[in-house]
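Contents: one structure, followed by commentary.
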Amino acid sequence: MAGSETKHSNDLLCIAEIFESIANKDEQALARTLERSSIETMLLFEFVYGISPLLHCVQTGEMSRLGLVRRLLASGLCDSETVDSKGRTVLAGLVGAQQALTQGTAAGFLERMIEIVIEGADDTTACYRMLKHNSLALFQAFLELKQFDERRLFECLTGALTKLSVKQVLLSADLRVFVMFKLADFGFRRLSGDWTGGCDKTADEWKDHIDVVSDCWNVIGKSYDTGSYGDVDDRLLQRLHVLHNHLYFLQYKKFLDYLALREAIFCVAVFWNVLKNPATFTVYRVIVNKRIVIECIRMIAFQLMKVKRFLEQTEQKLSEVVKEGESLIVQQKECLIEDIMKKMKISFAARIVASESFNLEHLMRGKDRRTRRKMIKCYGQLRQLYSLDKIVLAFAQVARVNPANVESFQDSLKRTVMILGEMLKNTNSTPNMPNDRLEDAMGRMISHRFADIVISIRNSYARQFSLSRLLIDAELERRVYSFLPNHTVAVRMVINLLFVLVMVEVRRSFYGQLVRCGSLEALRSLVIYAGEKDVLFPTIHIAFEQVTGYFAMVKGLLAELRENPIGNTVEFAQLEEQFQVQCGIVEEVQAMLATERELDYENLRKTCFSCNDLPTIRRLLHWKIDTYRPNTVLESICSKWNANTSSLSRIHWMDTRLTWIDTETMSNKLAMITCAIGDADAYYTIGHTSKLIEKLGIADEVDEEGVDQLNKRLAPYYANIFFLDNKWKVLESFCKQRRLPWNTTLVRQLRQRDQDLLQTLYDERRHKLKTIFEQNDIQTVEVLQIANIIIKEDTLACLEHLQLELCEILTAVGYFGDSFHCVKQRIPMIQGKNFRNLLAHDSLSYNMLTDKAHFDLETVQLLVQHGANPLLADCHGNSIIHSALCMLPDAALYLLEECLTRDLRNDKGDTLLELDDRTDGNKLIHTVASCGQQIIVAKLLDLNIDVTVRNAYGCTPAHVAVVVPLVNSISTLKQLLDYDRTPVDMIDKDGGTLLMWAAKTGSIEMLDLIMQYKPNLTLPANRRALYEAVNLQYVDFAKRFLQHAIEAGAREVTKMEDAADDVVILSLRCADFELSKALLEYELQHGLEDITERDRPRIESVLKASTSKIPQVPVELYLSLKGLSEDRNFLTYLRNMLAKLEPLREKDFN
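The sequence shown begins at 224 in my numbering and counts up by one.
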């Protein structure tokens, strides 16, 4: 006790001496005191004086105190990175003071401070130290001081960024954008051409990648190779992330082809995303799991080490051969040859080994071969589901695209068609869909040329900017793409039906995985990993609804046409006969789904936990597997399905609605573009060559053979018109060979015209981009990042297509280069050719290559145990606990317990429960709800937290749970409302309630849940939810909302505050008879079969189909284009109802 008091007295004496030394500017006295001081002394100084010694020393900006600063920093007791109450470091805080001081010696104080902090450090370390201060103004002052040339700056920044990534330092948005701009600017101008290795790539690089993979496996194998499916944590995911990235670079080695690395990389990437991005990847849980991934990695790591040993032995033998060759050099040979041999002996053998295509299949063990087969099978299922999912989304986007959006309409459809082509094309860059059976089925159902046409268009858009692409008639493209949105219904049905079959087969394969589990514990572990609910059911249900909706529409159309002259044709009879065959196949699928529902996944899961006899469970699973076979349906399609394209093509002129069910229609329209490109390649280029000869004034001296020869030599230019130098070099060479006149002045003028044309092409696309940005109020990069979430999908697709075209242009002229080696160094520079590849191919692995690593729980615990306060925020209001909630839930739960146990507070004195993020006013409960962390939600609710608290936008945590789309959003919302139902009717600043936001998502499950808490349907904001759902054409949501309103006895839910917002009239655009009828009957309070004269004004207002806010549109034409029969046309139905009133009206009049 006495020792403790003595130390405290000594510290008090020391802090007084430090204060006096700084005041007197006495460096010697300060040095003597610092020798007797400790970290506790510095903390006591700050506690007593409210300021750290270093900050106290520099706050006046006096040059005479720089010696004191050096003493403090040299002692190791003070750090320039220590933050003040505003979250700024000492140097960052000086920036504001520096801006105020414009005269005298104090004006250079900041520069001298920077020099002291970076003293003795190399340029890269100096950059790293300055970036850690997280101040853009400070970093700019540092760059002004150092005056790096651009190449040196690039090298320093890349090295510093790598260190920051390893140390998990997050840069502020403005500083990060500035640094990325500096990198990108240099990369665009200097990193041109194809990168083939350069000085930073060694022949032994593949060995380094293998070593990292081996290290990762050592950790994974030791801790996670347990045979369980569920023991996954962030450390495992971090190792998988690193392993994925290094395998990605190894896949290009020819001698590793036998390992099927491409398949392994995709499986690892999907598994990682299943756990990191469950909202998007949850359906893949039933295909890929931890045990499959662990087996795959074990096999690959073992094989890679065998490969490394084998090739190192081969390399050694080659080196011996090189040395023998060197010894045979005769003394009389030139010195140059001897020097070359000296250089070769070091790396020659290594380069031969690294670049050679060895067949190393003999290294495979039998067990490894079985693992490879299992992995390839898993990959096959994953790629089918993954690519079909993207195709379904692409077709849905085509149907939803808005033709009124002139700036983005055509480009967004081009982008969508390109994605379709990428998914259908067999490439090494993308996991593609077709296996033989599926490809054959698609050919039978649509046409065998559909895939070829879409792939051809994809190749045209995703590759060089060719002359043929430029010569396509713009009006032709406009007509084709304007036609597509209303004529994809038949093709969408085909894709959705195949999608359903693939998902059903995936579920069946999952049951097979359960059967193969060796123990009851393993089986239950796999079931727990797969989840409580059938993750495939919602997707299957939505896709099959599209199929059955299509067949119901076609059935009604054929019934109507049967009564017309067209019904007497032979072609119509053939069409009906084949339609019955198609209906039979769809009924098979329907029966298959009904069989699954007899004992669905959820009941089967309960059985797995209630029954302790593994053989009994296996018998049940075998019964499930044997009850249906999706591949049998595919075989039926391949043998029986006939798209009837020839019959339809002969009669669809008699009724244009038949084009809707003709799958050949879309192929024919898109073929017009491919034919135009083909014609341009075959015929237009020769004409263009003849015109070039005429413009040069040499037409009379060049015969037909000469024109043909020149046309062939100009082929590279015609393939990419931005290779302008190539064109004029060929022309000059041609004229010289034939001794033709070469008018330099004329050539200069013609070349300038070419450059002006190319500049115009570039400017047009750049102008489109700027226009779209302005329309969506996107002014900065930060806004663009947020806008990626909220702007419309067709606009995003348009942006991607324009960026791809600009990438192609800038790459061709040498402005863009390849920065892939930067990605390998963990520098997130997806630009130039990399960005082009990202847009042209699937982005799954690219996203993982540039994704930053995350903290692990062990690191967080270590920091907290050493005094780190997770409630302290940086200058942007971001605290560690907020970041942990989003990225590391285990760490967040630990931090929550620590903050409560130790009663930690931030610099303002706020406790954990009082803390907000300082930007959007989100309390901890808001952030937890937005991340779907239900365990932490439960913990906070146990603490009696207020769930009616609002953020800066007036949103409660319940609002946040509804708005943010997560897999468990509904269960999170239920947690909150079970605790307190008050938020049900609370309104945010935009006038939105929970019902309103649910309507915007179209989630019926969310609607059903909210209705359980009896919202007040007389509130205008709650009534508005119905209007919003109808406006967004969420038909099922609107029907369910109306059903709930009727059951609750609520009146006037269709009545809006503004009478011009007429829900019934708006519903006509949904082209859904039942919805419009139900809405009108609800308003009239009786069935439409019982209408009276009193109802006439309302019905006539609906027939008018417009209000002051809903402009007149050709609804009749719209409904007709939807392919509705007369009895499904609501307007026709209303007219017939009014016609029945006429006799009664005349009778009353008489």
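Idealized CB from N, CA, C, for every residue including glycine.
Distance, Cα to Cα, residue 575 vs residue 466? Unreliable placement is indicated for residue 575, whose pLDDT of 48 sits below 50; no coordinate value is reported for it.
Chain-order list of residues whose beta-carbon lies under 6 Å from that of residue 243 (same chain, five-residue window excluded): none
Between residue 1171 and the rest of its own chain, which residues show a CB-CB distance below 8 Å, the 5 nearest in sequence each way excluded? 1179, 1203, 1205, 1206 and 1209
Could you say which of 485, 507 and 521 lies nearest to residue 198 if we only look at CA atoms? In this structure the chain extends from 224 to 1373, so residue 198 is not present and cannot be described.
Quick one, are the C-beta atoms of residue 1266 and residue 1293 less than 8 Å apart? In this structure, residue 1293 does not lie closer than 8 Å to residue 1266 by Cβ.
Tell me whether the region 290 to 309 and the region 271 to 281 touch, counting them as touching only if at least three CB pairs, one residue from each stretch, are closer than 8 Å. In this structure the region 290 to 309 lies against the region 271 to 281, because at least three pairs of beta carbons, one per stretch, are closer than 8 Å.
Residue 529, DSSP secondary structure in three states: helix
Checking 8 Å against the spacing of the C-beta atoms, do residue 688 and residue 1032 come in under that value? yes
Within the continuous alpha helix (DSSP H) that includes residue 216, where are the two ends? What the structure shows of the chain is the stretch from 224 to 1373, and residue 216 is not part of that stretch, so it cannot be assessed.
Going straight from the alpha carbon of residue 937 to that of residue 953, what length do you get? 7 Å
Does DSSP classify residue 237 as helix, strand or coil? helix
With residue 707 and residue 643 assumed to form a contact (beta carbons below 8 Å), what rounded beta-carbon distance in angstroms separates them? Going by Cβ atoms, the distance from residue 707 to residue 643 rounds to 11 Å, so no, they are not a contact pair.
Pairing CB atoms from the region 852 to 872 with CB atoms from the region 807 to 815, are three or more of them under 8 Å? The count of Cβ pairs closer than 8 Å, one atom from the region 852 to 872 and one from the region 807 to 815, reaches three, so the stretches are in contact.
So, at 6 Å on beta carbons, what are the nonlocal neighbours of residue 1295 in its own chain, with the 5 sequence-adjacent residues on each side left out? Short of 6 Å from the beta carbon of residue 1295, and not among the five residues preceding or following it, lie these beta carbons of its own chain, in chain order: 1258.
For residue 1146, which beta-bridge partners are listed by DSSP? 1139
With a Cβ-Cβ cutoff of 8 Å, do residue 1176 and residue 1139 count as a contact? no
If you draw a straight line from the C-alpha of residue 593 to the C-alpha of residue 515, how long is it? 12 Å
Quick check on residue 244: does DSSP put it in helix, strand or coil? helix
Might you give, ordered along the chain, the residues of its own chain that have their beta carbon closer than 7 Å to the beta carbon of residue 741, omitting 5 neighbours on each side? none
Helix or strand or just coil, what does DSSP make of residue 567? No answer about residue 567 holds up, because its pLDDT of 42 lies below 50 and its placement is not dependable.
Every unbroken alpha helix (DSSP H) within the region 824 to 853, with a cutoff of 4 residues, ordered by chain: 824 to 833 and 837 to 850
Are the beta-carbon atoms of residue 853 and residue 724 separated by less than 8 Å? yes
Cβ-based neighbour list, residue 1362, same chain, cut-off 6 Å, excluding 5 preceding and 5 following: none
Should residue 1226 be labelled buried (16 or more other beta-carbon atoms within 10 Å of its own) or exposed? buried
Quick check: residue 1220 and residue 1276, are their CB atoms within less than 8 Å of each other? no
Where the alpha helix (DSSP H) containing residue 603 begins and where it ends: 589 to 623
Which residues bound the alpha helix (DSSP H) around residue 684? Element bounds for residue 684: 673 to 685.
Do three or more CB pairs link the region 1020 to 1032 to the region 986 to 994 at distances below 8 Å? yes
Can the beta-carbon of residue 1217 be found closer than 8 Å to that of residue 1181? yes
Where does residue 1056 land, buried or exposed, given buried means 16+ other C-beta within 10 angstroms? Note that residue 1056 has pLDDT 49, beneath the 50 cutoff, so the model's placement of it is unreliable and no number is given.
Just the Cα atoms here: how many angstroms apart are residue 1155 and residue 748? 23 Å
Distance check for residue 726 and residue 1252, CA to CA, integer angstroms please. 29 Å
With 16 other CB atoms within 10 Å as the buried threshold, where does residue 702 fall? exposed
Taking only the alpha-carbon atoms, compute the straight-line gap between residue 893 and residue 774 and give it to the nearest angstrom. Spanning the two alpha carbons is a distance of roughly 25 Å.
Rounded to a whole number of angstroms, what is the C-alpha to C-alpha distance between residue 256 and residue 318? 30 Å
Alpha helix (DSSP H) runs wholly inside the region 1230 to 1295, at least 4 long, in chain order: 1243 to 1254, 1258 to 1270 and 1286 to 1290
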